[in-house]
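Residue numbers (my numbering): 5 to 142.
Think of the CB as a built atom: it goes at the ideal place given N, C-alpha and C, for glycine as much as any other residue.
These numbers were taken from a predicted model, which means no experiment stands behind them.
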Amino acid sequence: MRYFFDTNILVYLFDEDNPDKKARAQMLLEEETAAGQVLLSTQVLQEFYVAVTRKLGVPLSPEKAEDVVCQLIMLPLVEINSRHILGAIARSRKLQYSFWDALIIEAAISGGAGILLTEDLQHGQTIGSLEIQNPFLA
5 MRYFFDTNIL VYLFDEDNPD KKARAQMLLE EETAAGQVLL STQVLQEFYV
55 AVTRKLGVPL SPEKAEDVVC QLIMLPLVEI NSRHILGAIA RSRKLQYSFW
105 DALIIEAAIS GGAGILLTED LQHGQTIGSL EIQNPFLA
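See the structure below:
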């Protein structure tokens, strides 16, 4: 089963202000990468770069953030296209999600993920065959 990592999970990899979440995010990424089950999207990589260079208490330098993106881009990646955008628009209207959350869901589903790891949606919720999990609740 593939695990789609939302941006917030990846940002915790570099968040010195949240050591428990940082350790949990590192463990999850290492385990699922080793198992060949990680899935990301181009949206996640874009959001990640902005968040780690601007929103952390101790932000990464643009060069370090770029190096990390270069590593992450080697993992399985859903490239956002017009089909995803239109699907996200429909899903956001139907289910009252933000467009950006709906786009994450579209990417996860189209990439064949069974689990979406995020803090942004309701833990335990299922959307089709996709289950939402907040990995920090356990």
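Sequence-distant residues of the same chain with beta carbon closer than 6 Å to residue i, five excluded per side
i: ALA69; result: TYR53, VAL56, THR57
Beta-carbon proximity of residue i to residue j, cut-off 9 Å
i: GLN30; j: ARG6; result: no
i: GLY115; j: VAL82; result: yes
i: ILE13; j: LEU121; result: yes
i: ALA117; j: ILE84; result: no
i: PHE8; j: ILE119; result: yes
i: GLU143; j: VAL62; result: There is no way to answer for residue 143, as the model of the chain reaches only from 5 to 142.
i: LEU141; j: PRO80; result: no
i: ILE109; j: ARG95; result: yes
i: LEU49; j: PHE18; result: no
i: GLY139; j: LEU64; result: In the sequence on display, residue 139 carries Pro and not Gly. Result no, Cβ atoms of PRO139 and LEU64 do not sit closer than 9 Å.
Close-in-space but distant-in-sequence residues of the same chain around residue i (CB under 8 Å, 5 per side omitted)
i: ASN22; result: TYR16
i: ILE113; result: ILE131, GLY132, SER133, LEU134
i: ASP71; result: none
Beta-bridge partners of residue i, as assigned by DSSP
i: GLU135; result: ILE119, THR130
i: LEU81; result: LEU44
i: TYR53; result: Partner(s): none; TYR53 has no beta bridge.
i: ARG97; result: BP columns for ARG97 are empty, so no partner.
i: ARG6; result: ALA117
Same chain, Cβ closer than 7 Å to residue i, five either side skipped, listed in chain order
i: ASP124; result: ASP10, ASN12, ASP105
i: ASP24; result: none
i: GLU36; result: TYR7, VAL42
i: PRO66; result: THR57
i: GLY91; result: GLU110
Closer than 8 Å: residue i CB and nearest the ligand COA heavy atom
i: GLU67; result: Ligands are entirely absent from the displayed structure, and the ligand COA is therefore not among its contents.
Handout entry: Continuous beta strand (DSSP E) assignments of at least 3 residues falling wholly in the stretch 23-50
Key = Entirely contained in the stretch 23-50, the beta strand (DSSP E) runs reaching 3 residues are, in chain order, 42-45.
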